[in-house]
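Student: Before we start, here is the structure in question, set down as structure tokens.
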Amino acid sequence: MPFAQRLTCTIDDACEVTGLGRTKLYELMGAGHIVTTTIGRRRLVVVQSLLALLDTNMSNQSTCDLREQPPAARCGGALRGKGSCGLGSG
């Protein structure tokens, strides 16, 4: 079953798929950014909350808007080799 279709996952699974460490994952849980449920003594992460967190972070990232700038000014001069907009080795 694809990960995105699962209802819950373990803490270890959440760390593996997000690339985050346990400490950061627990910080996000404590801040309410990741939803968990406890069944008995087992704590499970609600997969939809992980997907929502990643979706939110991706939509908040700033990107270069190439339509509003002339070619030489795009991405702080990245096209002239004098800057970087986080793409490639800039």
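Okay, so the sequence shown: first residue is 339 according to this note's numbering, each after it adds one.
Every residue, glycine too, gets a C-beta built ideally from N, C-alpha and C.
Per the DSSP calculation, residue 347 is bridged to which residue(s)?
Tutor: Answer is 383.
Student: Within the same chain, show all residues whose beta-carbon is closer than 6 Å to that of residue 503, passing over the 5 residues directly before and after it, in chain order.
Tutor: In this structure the chain extends from 339 to 428, so residue 503 is not present and cannot be described.
Student: Please report the residue range of the alpha helix (DSSP H) in which residue 368 lies.
Tutor: Note, residue 368: alpha helix (DSSP H), 360-368.
Student: Check this for me: beta carbons of residue 352 and residue 366, under 7 Å apart or not?
Tutor: Taking 7 Å as the Cβ cut-off, residue 352 and residue 366 do not qualify as a contacting pair.
Student: Measure how close the beta-carbons of residue 371 and residue 392 come, nearest whole angstrom, since I'm counting them as under 8 Å.
Tutor: The Cβ separation is near 11 Å, so there is no contact.
Student: Would you kindly work out how many angstroms separate the C-alpha atoms of residue 369 and residue 384, rounded to a whole number?
Tutor: So the alpha carbons of these two residues sit roughly 15 Å apart.
Student: Run the CB neighbour count on residue 389, radius 10 Å, all protein chains shown included, and call it buried at 16 or more, exposed below.
Tutor: Counting Cβ neighbours within 10 Å, residue 389 comes out exposed, since fewer than 16 surround it.
Student: Alpha carbons only, please: which of 356, 373 and 341 is nearest the one belonging to residue 396?
Tutor: Of the candidates 356, 373 and 341, the one whose C-alpha sits nearest the C-alpha of residue 396 is 356.
Student: Just tell me which of 350, 339 and 342 has its CA closest to the CA of residue 380.
Tutor: Considering only alpha carbons, the answer is 350.
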